[in-house]
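Quick note on numbering: the sequence shown equals residues 1346 to 1927 in my numbering. Even for Gly, the Cβ is constructed at its ideal location relative to N, Cα and C. From a predicted model like this one, the values you see are computed outputs, not experimental measurements.
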Amino acid sequence: MEPKSFRLFLLTTTACFILIFTSTNFTHAPSSMTRIFDCTNSSFSHLCSTRNFLFNKHIRPIPKNNPKPNPKNHDHLSDTPKHPLDPLTLVEIQKVRSTLSSHALFASRAPHALHSVVLEEPDKNLVRQWEKGNALPPRKASVIARVVSDSHVLTVDLSTGHVDIVDSPVRVLGFPVMTVEEMSDATWAPFSNTEFNRTIISPGLNLTDVICFPISSGWYGNKEETSRLIKIQCYLTQGTANFYMQPIEGLTLLYDLDTKQILEVSDTGRAIPIPSPNNTDYRFASVPTLDKIRILNPISMEQPRGPSFVIEDNHLVKWANWEFHLKPDPRAGLIISRVRFHDPDTQETTKRKQRHTERKNRRNTEDHQFVGKLLGIYRGRTSSGYFDGLSDGPILGSSDEIFLGIFIGKFRGTGPSENSEERVPQNILRNMFLGIFRGTGSLGIFRGRCPSWTRDVMYKGFVSELFVPYMDPSEAWYFKTYMDAGEYGFGLQAMPLEPLNDCPRNAVYMDGIFAAADGTPYVRENMICVFESYAGDIAWRHSENPVTGLPVRFFVLLYFILLLHESISVTLDSSSIFTTLS
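In structure tokens form, the structure reads like this:
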């Protein structure tokens, strides 16, 4: 073949190869937005070897299947507490209900309701000393009940069934949170009142177009201070789903939650017209110019390698260097406890303390002799396999069962007494830790808790209250001083979160288990979601040219509360322990 013809043949062959390679590999887009460039996918495998060689050999592989956005169904009947602060399970609430049904306080036919059934948290010191794997402190339930017109505070021991009366009846001012059943009764109560019906019909309104809602309890005078009273106000639903835009202004009812009676009807707004319903419906389908609005494409934040956090035993959250216990609560919404930070500075401090203890042991002959005895036991037990998997650890805790058979002498200060040996009681042994220092061949003795590389940041945190005073002195507004957590309950009013709308893909959802007024447990599904988010704050994108800023990621705990016409989102992020309400 002539050189010119050979070059033409070689050029044509190369062009055909490039064309075939291009058409095979780059003309087919992923079938969906979630099917990203995945090196574990066989359809991309012929490209990934080159990409990984050129860009990053050490990148973690992307899972074949992205996590589904729908939260997993959870069998709450099989839940068992794993931590002293875990909330009451569905089975435990059922046991509380069964126990109280036979108690003398509830055995009669007198009307009663359970306003709060939550965990009676153990003593703080017990919780701080507890370690995973140890037995849980006794589980107890704290109950606030209302019988006829008295409030009672009780504690139920879940293991023995014993009921302890803490305060019965309660003599302090104030009343428990309204139950969902009480709010429902208050919604319908006005329509059984003749004066209210006459007030609605007289201006030409239709009773079927009216809806009423209870407004939080309050104090309205000395003669009423012993009664549990609330106000009720009503709205017109005619012509719109957004009935809050059509208040029947000035019409207020005083309602007794205990007797379920309307005590007073006040109508001071007859001269105030009801607003028109035109253009008040906020729903997307009701927008008049809907046909002229371009439908927006969905937004999704992807984490192809999954989230960076883990949730152990349903409630223990670990993210970056943070660790904390998270649980839903009917009043506070969510409670964060035992917040700890794995601090490198604390680690270095601990290492210095260990080195100091090592030098001290070397100087103290008596201690050194005692350590020698223990070291001999340790070496003997190592040959028998007692310490498999533990001898390489920086700290070996004596709370492990492998130490329970060791004989050591009585303590005198920091050393043993002469000529006396006995088996050390288990409770004492648990408070002694034997630190094995690498490279020294000796043991150090620590009295008290094992040296930790974690720093306690906060024992317990939650939103204590959200106070919303409207500050209007008029007759129909002065009493609107909402305390949303204490009067309605953040958890009781929480809305189920919608995947990919409220929370992104890879979010983990947590249900709330609460008790109804009769003690029956129910599930508030998808009450809380946990996910990571970009900070999106300009302060974190600031740079001093040419030095770029610090990339920051938020760790978000989110839940939504619907209180009448108020929608509240509660977000906790990693930039601070503070809460964002919006």
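By the Cβ-count criterion, V1511 is exposed, with fewer than 16 other Cβ atoms from all chains shown falling within 10 Å of its own Cβ.
The DSSP-derived three-state label of G1831 is helix.
Closest in C-alpha terms to P1429, from the list N1659, L1518, G1614 and K1605, comes N1659. Taking the Cβ atoms as the reference, L1433 lies roughly 13 Å from L1422, outside the contact range of under 8 Å.
Your pair T1544 and D1626 does not check out as a contact, with CB atoms roughly 27 Å apart and the cut at 8 Å. For G1806 and R1615, the gap between their C-alpha atoms comes out near 47 Å. Per DSSP, F1669 is one residue of the beta strand (DSSP E) stretching across W1667 to D1674. Here the stretch 1813-1833 makes contact with the stretch 1583-1600; the two share three or more CB pairs at distances below 8 Å.
Non-local C-beta neighbours of V1493 in its own chain, meaning closer than 8 Å and more than five positions away in sequence, comprise A1455, P1456, H1457 and D1603, ordered along the chain. T1571 and L1518 have their C-alpha atoms roughly 8 Å apart. R1484 sits away from L1459, with the two beta carbons spaced by 7 Å or more.
Secondary structure note for N1871: its beta strand (DSSP E) is the uninterrupted segment P1866 to Y1879. Taken in chain order, the complete alpha helix (DSSP H) segments of 4 or more residues contained in the stretch 1483-1556 are 1525-1533 and 1539-1546. Under the DSSP definition of a beta bridge, W1664 partners with F1654 and W1667.
With respect to G1834, R1676 sits close: the two C-beta atoms are nearer than 7 Å.
Residues of the same chain with a CB within less than 6 Å of the CB of Y1815, apart from the 5 flanking positions on each side, are W1822 and K1825 in chain order. R1573 carries a coil assignment under DSSP once its states are collapsed to helix, strand and coil. The stretch 1664-1679 and the stretch 1440-1454 do not touch, with fewer than 3 CB-CB distances between them shorter than 8 Å.
For I1438, the uninterrupted alpha helix (DSSP H) run begins and ends at L1435 to S1446, by DSSP. Spatial neighbours of M1828 in its own chain (CB-CB distance under 6 Å, excluding positions within 5 residues in sequence) are listed in chain order as E1810 and F1812. Q1606 has its alpha-carbon roughly 11 Å from the corresponding atom of F1536. The beta carbon of K1663 is closer than 6 Å to those of V1655 in its chain, skipping five residues each way along the sequence. DSSP, read as helix, strand or coil, puts R1628 in coil. Assignment of beta-bridge partners to I1680 by DSSP yields K1672. In this structure the stretch 1521-1535 does not lie against the stretch 1464-1475, because fewer than three pairs of beta carbons, one per stretch, are closer than 8 Å.
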